[in-house]
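J.: Protein chains in written order, with numbering that gives the first Met the number 0: chain A, 0 to 354; chain B, 0 to 354. Ideal Cβ positions, reconstructed from N, Cα and C, are used throughout, including at glycine.
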Amino acid sequence: MSANTELQWKGYAVHDTKEWDQFKVVDFKPKQFEDKDVDIKIEYCGVCGSDIHTITGGWGDVHLPLITGHEITGHVVRVGPKVTEFKVGDRVGVGAQVGSCYDCKRCKGGSENYCHKAIHTYNSLYPDGTVSQGGYATAIRANEQFVFRIPDELPLEQASPMMCAGITVYSPLKTNGAGPGKSVGVIGIGGLGHFALQFAKALGSDRVVAFSHSENKKDDAFALGATDFVNTGDKNWVKDWSDTLDIILCTVDVSHHIPLSDIFATLKVHGRCIMVALPDDALPGINAFDMTTSGVLLGGSHIGSKAEVVEMLELAVKKGVKSYIQMLPMKEAGKAVQGVKSGKIRYRYVLKVDI
Amino acid sequence: MSSNTEIQWKGYAVHDTKLWDQFKVTDFEPKGMEDKDIDIKIEYCGVCGSDMHTITGGWGEVKLPLIAGHEIAGHVVRVGAKVTEFKVGDRVGVGAQVGSCYDCQRCKNGAENYCHKVIHTYNSIYPDGTVSQGGYATAIRANELFVFHIPDALPLDQAAPMLCAGITTYSPLRTNGAGPGKSVGVIGIGGLGHYALQFAKAMKSDKVVAFSHSENKKADALALGATDFVNTGAENWVKEWTDTLDIILCTVDVSQHIPLSDIFATLKVHGRCVMLALPDDALPPIHPFSLMASGVLLGGSHIGSKAEIVEMLDLAAKEGVKSYIEMLPMKEIGKAVQGMKTGKVRYRYVLKADI
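1) Hey, out of Gly128/A, Phe288/A and Gly189/A, whose CA is closest to glycine 298/B's CA?
2) I want to see whether chain B comes within less than 7 Å of serine 286/A, judged by CB atoms only; does it?
3) So with CB distances below 7 Å, who are the chain B contacts of alanine 281/A?
4) Give me the Cα-Cα distance between serine 1/B and arginine 77/B, rounded to the nearest whole angstrom.
5) I want to see whether chain B comes within less than 7 Å of threonine 72/A, judged by CB atoms only; does it?
6) Tell me whether histidine 69/A is buried or exposed, calling it buried when 16 or more other Cβ atoms sit within 10 Å of its Cβ.
7) So, at 7 Å on beta carbons, what are the nonlocal neighbours of aspartate 252/B in its own chain, with the 5 sequence-adjacent residues on each side left out?
8) Give the range of the alpha helix (DSSP H) segment to which phenylalanine 198/A is assigned.
9) Under the three-state reduction of DSSP, which class applies to phenylalanine 145/A: helix, strand or coil?
10) Below 9 Å on C-beta distance, what does leucine 277/A contact in chain B?
11) What are the boundary residues of the beta strand (DSSP E) that includes serine 170/A?
12) Assign lysine 17/B to buried or exposed, taking buried as 16 or more other Cβ atoms, counted over all protein chains shown, within 10 Å of its Cβ.
13) Could you pull the DSSP bridge partners for methionine 211/B from this structure?
14) Taking the Cβ atom as the reference point for each residue, do glutamate 143/B and isoleucine 37/B lie within a distance shorter than 7 Å?
15) Would you call the segment 150-157 of chain A in contact with the segment 17-24 of chain A, where contact means no fewer than 3 C-beta pairs closer than 8 Å?
16) Alpha carbon to alpha carbon, how far is valine 146/A from arginine 347/A?
17) Measure from the C-beta of leucine 223/A to each C-beta in chain B and report whether the shortest distance is under 7 Å.
18) Within 7 Å of any Cβ in chain B, is that where the Cβ of glycine 165/A sits?
19) Cα separation between glycine 333/A and isoleucine 41/A?
20) Report the residues of the segment 174-189 of chain A with a CB closer than 8 Å to any CB of chain B, ordered along the chain.
21) Run through chain B and tell me which residues come within less than 9 Å of methionine 311/A, C-beta to C-beta.
22) Scan the segment 75-109 of chain A and note each continuous alpha helix (DSSP H) run of 4 residues or more that stays entirely inside, going in chain order.
23) Identify the continuous alpha helix (DSSP H) that holds methionine 202/B and give its terminal residues.
24) Within the chosen definition, does the segment 206-221 of chain B reach the segment 176-193 of chain B through at least 3 CB pairs nearer than 8 Å?
25) What residues of chain A sit near aspartate 99/B, judged by a beta carbon separation below 9 Å?
26) Evaluate phenylalanine 380/A with the Cβ neighbour count: other Cβ atoms within 10 Å of its Cβ, from every protein chain shown; 16 or more gives buried, anything less gives exposed.
27) What would DSSP say about glycine 338/A, mapped onto helix, strand or coil?
28) Would you check if there are 3 or more beta carbon pairs closer than 8 Å linking the segment 268-283 of chain A to the segment 231-241 of chain A?
29) Using a beta-carbon distance below 7 Å, is histidine 301/A in contact with chain B?
30) Measuring alpha carbon to alpha carbon, tell me which residue in Gly56/A, Gln96/A and Gly133/A is nearest aspartate 26/A.
31) For the beta strand (DSSP E) that contains glycine 128/A, what are its first and last residues?
32) Which of the residues in the segment 83-110 of chain A, read from start to end, lie with their CB under 9 Å from any CB of chain B?
33) Is any beta-carbon of chain A found at less than 7 Å from that of methionine 202/B?
34) Does the CB of histidine 256/B have a neighbour CB from chain A at under 7 Å?
35) Strictly below 7 Å CB to CB, what residues from chain B border arginine 345/A?
36) Could you check the C-alpha separation between histidine 14/A and leucine 259/B for me, to the nearest Å?
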């Protein structure tokens, strides 16, 4: 069957950014169905830091009421007539993007994640005026370009957080050459960080160095594949780690934690730090001199392309990458967002659909 | 003859950072002669922005009285017992560095310009306690690693500014892959910028785009090898130049000139901007979102290695790279630094030794 008229479109929405942990089930209209669209009955959705930044208003205007969530897995229930990759029943995932222009140099060149007209999974406006609604819901509609087959070996709840957190760290690791001969640093062991350690190891990096601001996550870091653990609360850590790293992924909000100049000091000549954390505020001020000392680079990254997501999922299966998740029924979304805000979660909440 | 005991060591020194355009001829003691040192009788010295930042106190503490200047060209008059590359009479240059530790991973691997114990040509302290004094002087002593043969095809006054301004732009162009298939942007057409355009062209970059804040330097930019000229005072320039450049060298103080977000907007996916300007103050705040939009990198760079300088001078000789200089007798150093401060020079003052 290529159509399912029984799909209900409803989800747990925030109605007020001042009451960001209060969710109410609301009906919503998905975008108009188009030839390359895929409808997915959602089973699981991970809770991402982006959800919190959005629902609190920290990242700016929110189209209310809003259903967030962009670490989605489930089954295909309908495919448009021009869909070629998927059929009804397929196990699939959707991440932080559901559309693009399909026509620009970037879309045509395998960088659809950098399209200037990217449609994000929630809080974005489609050309037809619909506001995109996310995965704390019964279903989602997305262009097949942004739908990914989940390998049979990966349980859907394990795959969910890889749809955003996983690819967000995998893409810059790959782009910046993590692998044999390279030493990789990961600052912050959380939703993103726990994947970064595993993928850096899975790619064959010589050293995988975990940086955390206390000893609490040390055991986990080693279990996740770190070769070294650095407590940035210790004195002298900068000196000990000077000139040791080729690539650093920074997953924390540095304005409250580590000075950028200390991060740069750990880099080798022409090493690079990729900032994957997206705090509400700007980074603390850097002096041009901070970057001359070792000719380093500071970069950004935005999720990944389809090719990278597919590659990541294959590597995850091959190398046994594990998502450290805590499952909650979707109606407990409020509890989950509070847990993420307070940093309690080890390391990702995954919500199970219950409506 | 391997030694010349007749060198008088004296130069034009600043005695007060509040009177930074007042220079007095002052005797000085060079560092103790060591086996790999070379003494050079200075003929010419270029005036670099770094000299300004230093003598005004903008870059911090100055060991007064100080002789600045690090774009030096002249002749070898003495060589130490273990010098192998040079002999008396050779035409040579010295740039912004005169020493390093010679022993670390960086020094041993051709990245001596990134040694953590770098000795800069002026205002640095040698292990023996001597303060390094620069090239607005009769002579300079430097380790042979930091002395460079000037090709016969290059007049010494042409070569002098290449020893800092030239290499400061050549090294990042090389490191970041400028050449066939690449589009290079140069922001600011001045001492650094006028070399950046020429080297980007000499390296056969597809496009060399000059950015300036008025039309004044357009003719020069095109003569220097730019394929395109952008007046950033015009409306809509950002839109027209979006997603066009692989590499940008920024030679201006962005807090006074173009917002970083505008610069980033011109970059292709994973393009990079290397910040060569070293203003006194911090860069304007950077939001990770602005790095994320095209997954770009912002970097720094510090002069270049010996290998890069040799390569640069050969390329300059081969491809006819020209230094646009204004020659002044060294006693008019005060006039030169004033001209630098007001941005009048087109594009480098070179001082001719006269003491």
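T.: If we stick to the structure as given:
1) In the second sequence, the residue the question calls residue 298/B occupies position 299. Residue Phe288/A is the option with its Cα nearest to glycine 298/B.
2) Against the first sequence, residue 286/A aligns to sequence position 287. According to the sequence provided, residue 286/A is asparagine. The question's serine does not apply to it. The beta carbon of asparagine 286/A sits closer than 7 Å to some beta carbon of chain B.
3) If you number the first sequence from 1, residue 281/A lands on position 282. Within 7 Å Cβ-Cβ: Pro284, Ile285 and His286.
4) Translated into the one-based positions of the second sequence, residue 1/B becomes position 2. Translated into the one-based positions of the second sequence, residue 77/B becomes position 78. Reliability of the predicted coordinates at serine 1/B is poor, the pLDDT of 46 falling under 50, and no value is obtained from them.
5) On the first sequence, residue 72/A is found 73 positions in, with the first residue counted as 1. Taking Cβ atoms only, chain B never reaches closer than 7 Å to threonine 72/A, which makes this a no.
6) Residue 69/A sits at position 70 when you count from the first residue of the first sequence. Buried is the call here.
7) For the purposes of this step, residue 252/B is identified with residue 253 of the second sequence, where counting begins at 1. Ala276 and Pro278.
8) Within the first sequence, the letter at position 199 stands for residue 198/A. That run of the alpha helix (DSSP H) goes 190-201.
9) Here residue 145/A refers to the residue found at position 146 when the first sequence is read from its first residue. In this structure, phenylalanine 145/A counts as helix in the three-state DSSP scheme.
10) As a working mapping, residue 277/A is identified with position 278 in the first sequence. Near leucine 277/A (Cβ distances below 9 Å), the residues of chain B are His286, Pro287, Phe288 and Met291.
11) Here the question's residue 170/A lines up with position 171 in the first sequence. Unbroken run through serine 170/A is the alpha helix (DSSP H), 164-174; no beta strand (DSSP E).
12) The residue given as residue 17/B occupies position 18 in the second sequence. Counting every other CB atom within 10 Å of its CB across the protein chains shown gives lysine 17/B a total below 16, marking it as exposed.
13) Your numbering for residue 211/B matches position 212 in the second sequence. Checking the sequence, you will find serine at residue 211/B rather than methionine. DSSP links serine 211/B through a beta bridge to Asn230/B.
14) Working through the second sequence from its first residue, we reach residue 143/B at position 144. Working through the second sequence from its first residue, we reach residue 37/B at position 38. Result yes, Cβ atoms of glutamate 143/B and isoleucine 37/B sit closer than 7 Å.
15) The segment 150-157 of chain A is not in contact with the segment 17-24 of chain A.
16) Here residue 146/A refers to the residue found at position 147 when the first sequence is read from its first residue. Here residue 347/A refers to the residue found at position 348 when the first sequence is read from its first residue. The C-alpha of valine 146/A lies about 21 Å from the C-alpha of arginine 347/A.
17) Numbered from its first residue, the first sequence carries residue 223/A at position 224. With a threshold of 7 Å between beta carbons, leucine 223/A makes no contact with chain B.
18) The residue labelled residue 165/A in the question sits at position 166 within the first sequence. Contact with chain B is absent for glycine 165/A, since none of that chain's Cβ atoms lies less than 7 Å from the residue's Cβ.
19) Within the first sequence, residue 333/A is the residue found at index 334, counting from 1. Within the first sequence, residue 41/A is the residue found at index 42, counting from 1. Roughly 19 Å between the two C-alpha positions.
20) Within the segment 174-189 of chain A, the residues whose Cβ lies closer than 8 Å to some Cβ of chain B are Thr174, listed in chain order.
21) Against the first sequence, residue 311/A aligns to sequence position 312. The contacting residues do not exist; methionine 311/A stays about 16 Å from chain B at best.
22) Entirely contained in the segment 75-109 of chain A, the alpha helix (DSSP H) runs reaching 4 residues are, in chain order, 104-107.
23) In the second sequence, the residue the question calls residue 202/B occupies position 203. Taken as a continuous stretch (DSSP letters only), methionine 202/B belongs to no alpha helix (DSSP H), as it is neither H nor E.
24) Segments in contact, yes.
25) To locate residue 99/B, count along the second sequence from 1; it is residue 100. Note on residue identity: the sequence assigns serine, not aspartate, to residue 99/B. In chain order: nothing, as chain A lies at least about 13 Å away.
26) The displayed coordinates of chain A run from 0 to 354. Any statement about residue 380/A would go beyond what the structure contains.
27) Here the question's residue 338/A lines up with position 339 in the first sequence. Of the three classes helix, strand and coil, the one that applies to glycine 338/A here is helix, per DSSP.
28) Counting Cβ pairs under 8 Å, fewer than three are found: no touch.
29) Position 302 of the first sequence holds residue 301/A. Cβ-Cβ to chain B under 7 Å: yes for histidine 301/A.
30) One-based indexing of the first sequence puts residue 26/A at position 27. In this structure, Gly133/A is the residue among Gly56/A, Gln96/A and Gly133/A with its C-alpha nearest to the C-alpha of aspartate 26/A.
31) Translated into the one-based positions of the first sequence, residue 128/A becomes position 129. It is not in any beta strand (DSSP E) - glycine 128/A carries neither H nor E in the DSSP assignment.
32) Under the 9 Å Cβ criterion, the segment 83-110 of chain A contributes Cys103, Lys104, Arg105, Gly108 and Ser110.
33) One-based indexing of the second sequence puts residue 202/B at position 203. No, because no Cβ of chain A sits closer than 7 Å to the Cβ of methionine 202/B.
34) Indexing the second sequence from 1 puts residue 256/B at position 257. Under the Cβ distance rule, histidine 256/B does not count among the residues neighbouring chain A, no pair being separated by less than 7 Å.
35) If you number the first sequence from 1, residue 345/A lands on position 346. Counting only Cβ-Cβ distances below 7 Å, arginine 345/A has no contacts in chain B at all, with the closest Cβ about 25 Å away.
36) Against the first sequence, residue 14/A aligns to sequence position 15. Against the second sequence, residue 259/B aligns to sequence position 260. Here the alpha carbons of leucine 259/B and histidine 14/A stand approximately 35 Å from one another.
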